[in-house]
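Counting in this note's numbering, the sequence shown tops out at residue 483, every number present.
Working notes for the structure below.
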Amino acid sequence: MSSDEATSLMDLPSPILFEILSRLPPTTLLYVKSVSKSFLNLTLDTEFLKLSRSTSPASIIINQFSSYETCSTDTLKFLKFEDEDTHSYCHDPKLDLVLQHYFPIDPFWMVGSVHGFVCFNYFPDYVETIYILNPRTREYIILPEAGGIREWPNDVMYSFGFDPVKFKYKVVRIYQEEIYDDNTSYYKSTCQVYTIGKGYWRNAGHVMFSFMPYGVNLYAKIHWLVRDAKGNESICSFDLENELFETFPTAPMYNKKRYWHSRSLGVFGRCLCVCDNYADTHFEVWVMKEYRVTSSWVKEIVINISPECNDWLGNKIIYMLKVLEDGEVLFLWRDDFLFLHHPVKKTLKKLDVCAGNILASSHVSSSFSLKNFEGEVVNVF
103 MSSDEATSLM
113 DLPSPILFEI
123 LSRLPPTTLL
133 YVKSVSKSFL
143 NLTLDTEFLK
153 LSRSTSPASI
163 IINQFSSYET
173 CSTDTLKFLK
183 FEDEDTHSYC
193 HDPKLDLVLQ
203 HYFPIDPFWM
213 VGSVHGFVCF
223 NYFPDYVETI
233 YILNPRTREY
243 IILPEAGGIR
253 EWPNDVMYSF
263 GFDPVKFKYK
273 VVRIYQEEIY
283 DDNTSYYKST
293 CQVYTIGKGY
303 WRNAGHVMFS
313 FMPYGVNLYA
323 KIHWLVRDAK
333 GNESICSFDL
343 ENELFETFPT
353 APMYNKKRYW
363 HSRSLGVFGR
373 CLCVCDNYAD
383 THFEVWVMKE
393 YRVTSSWVKE
403 IVINISPECN
413 DWLGNKIIYM
423 LKVLEDGEVL
433 FLWRDDFLFL
443 HHPVKKTLKK
453 LDVCAGNILA
463 SSHVSSSFSL
473 KNFEGEVVNV
483 F
């Protein structure tokens, strides 16, 4: 990191800077401290220490996408947990942002949230449009169209992340092309990267995997569950700095004869985790205690599925959203509802925030303006 890069980073608003530094691996953080005395003082700041001890960002952003079945509209809701003991949550309807009032398109699908910027995709028919939006400043940009048509059996996955070394926000597009060969089929997944402020998509190679939706960010890398041509599952990561792929073993108990879409990848504290909801009798969460160390996988959570909750818990995909300070965990069941589980107290509670057609992500509100990115056309709504 040069002195000029350090100066540029120090120009960021404190909440964003705290968030960036709190998510760095310990070795990287030590290097950052050695570059600048200002960084050293910043990491000793009370707010930074508080954030770095926290297991996740302060709030959850919920994207309730439009549906004719439920009469829902494209709306953003913001959820905060206020009490450390009872974990009462706060949802102020006055802060809801009804996107359909400003964007005459639907549905909006949330890709992810990074430092207050939220990435959405919109794909009527076979045309894709990617938006980066800051709900607080009411600013947004529209990315140019990427190559590769999203048409069955081909598919497209999007992820959104941040490179803390070069201080770049990047949208990653995985274009999955199904290839037939000697009565068998497999996927060639081409990666395209858009760096906010650059104005164009770049190719970043390809891998021979089929990707599960919803990549997760950890240690400046985006991770996905993937399958090879033989149906074997692994974890594939994409380094946002050098833009290279790596793969390593997934959690135990994967059986390629089982229904693949009952497993999801998530982040448990500062560790990767796999949520497995295939069994009829229980749901389990495996946590990789040491990054990329296969032997460190531990079965951290087991939720026994009782008859009274079988109708709303069993056999569907479940996503890890947030680990609260006392260890209670917030999950998203499919795209239907949120629920809390305490691994020690064995409590299970559905949250009555909004029902059906929802996506959710950790979110930290920020007033950082998209106008700071030269080369982008910034709109205000």
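Note that beta-carbon positions come from the ideal geometry of N, C-alpha and C, so glycine has one too.
Listed in chain order, the non-local C-beta contacts of Ser467 below 6 Å within the same chain comprise Gly218, Arg238, local neighbours out to five positions each way being set aside.
For Arg252 against Phe210, the beta-carbon gap comes to about 16 Å, at or over 8 Å, which does not count as contact. Scanning the stretch 229-280 for uninterrupted beta strand (DSSP E) segments of 3 residues or longer gives 231-236, 241-244, 257-265, listed from N- to C-terminal end. Judged by beta-carbon spacing, Phe222 lies beyond the 8 Å limit of Cys293, meaning their Cβ atoms are not closer than that value. By the 16-neighbour rule on beta-carbons within 10 angstroms, His203 is exposed. Linking Phe313 to Ser471 through their CA atoms gives a straight-line distance of about 32 Å. The shortest CA-to-CA distance from Gln166 to any of Phe183, Val318, Leu201, Tyr191 is the one to Leu201.
When secondary structure is reduced to three states using DSSP, His217 falls in the coil class, being assigned neither helix nor strand.
With fewer than 16 other beta carbons inside 10 angstroms of its own, Tyr302 counts as exposed.
When secondary structure is reduced to three states using DSSP, Thr352 falls in the coil class, being assigned neither helix nor strand.
Excluding sequence positions up to five before and after His308, its CB lies within less than 7 Å of the CB of Lys290, Ser291, Thr292, Cys293, all in the same chain and listed in chain order. When DSSP states are grouped into helix, strand and coil, Asn474 belongs to the helix group. Between the C-alpha atoms of Val431 and Ser464 there is a straight-line separation of about 13 Å. With fewer than 16 other CB atoms across the displayed protein chains lying within 10 angstroms of its CB, Ala457 is exposed. Inclusion of Asn357 and His384 in the CB contact set at 8 Å is not warranted, their separation being larger than that value. For Leu181, the three-state secondary structure derived from DSSP is strand. A residue is called buried when at least 16 other Cβ atoms come within 10 angstroms of its Cβ; Cys192 does not meet this threshold and is exposed.
A residue is called buried when at least 16 other Cβ atoms come within 10 angstroms of its Cβ; Arg304 does not meet this threshold and is exposed. Note on the stretch 325-394: there is no whole alpha helix (DSSP H) run with a minimum of 4 residues. Going by DSSP, Glu402 is part of the beta strand (DSSP E) stretching over 399-406. A contact between stretches requires three or more CB pairs, one per stretch, nearer than 8 Å, and the stretch 448-462 meets this requirement with the stretch 425-439. Between Asp198 and Lys182, the C-beta spacing is not below 8 Å. The beta-carbon separation of Arg394 and Phe441, rounded to 30 Å, does not stay under the 8 Å limit for a contact. Per DSSP, the unbroken beta strand (DSSP E) holding Gln294 starts and ends at 286-297. Cβ neighbours of Phe264 within its own chain (closer than 6 Å, five residues either side excluded): Val216, Tyr271. Spatial neighbours of Glu478 in its own chain (CB-CB distance under 8 Å, excluding positions within 5 residues in sequence) are listed in chain order as Ile243, Ile298, Gly299, Gly301, Leu472.
When the beta-carbon positions are compared, Met310 and Tyr277 stay at least 8 Å from each other.
Counting C-beta atoms within 10 angstroms of its own C-beta, Phe483 has fewer than 16 neighbours from the protein chains shown and is therefore classed as exposed. In this structure, the CA atom of Lys391 is about 13 Å from the CA atom of Leu320. In this structure, Ile162 places its C-beta atom within 8 Å of the C-beta atom of Leu423. Partner residues in the beta bridge of Ile162, as assigned by DSSP, are Leu181, Ser464. If the five residues before and after Glu247 are omitted, its C-beta is found closer than 8 Å to the C-beta atoms of Val229, Glu230, Thr231, all from its own chain and listed in chain order.
Under DSSP, Phe439 shares a beta bridge with Trp435.
Beyond the five residues adjoining it in sequence on each side, Arg329 comes within less than 6 Å, by CB distance, of Ser312, Glu335 in the same chain, given in chain order. Put simply, of Val273, Glu241, Ala353 the residue whose alpha carbon is nearest the alpha carbon of Ala322 is Val273.
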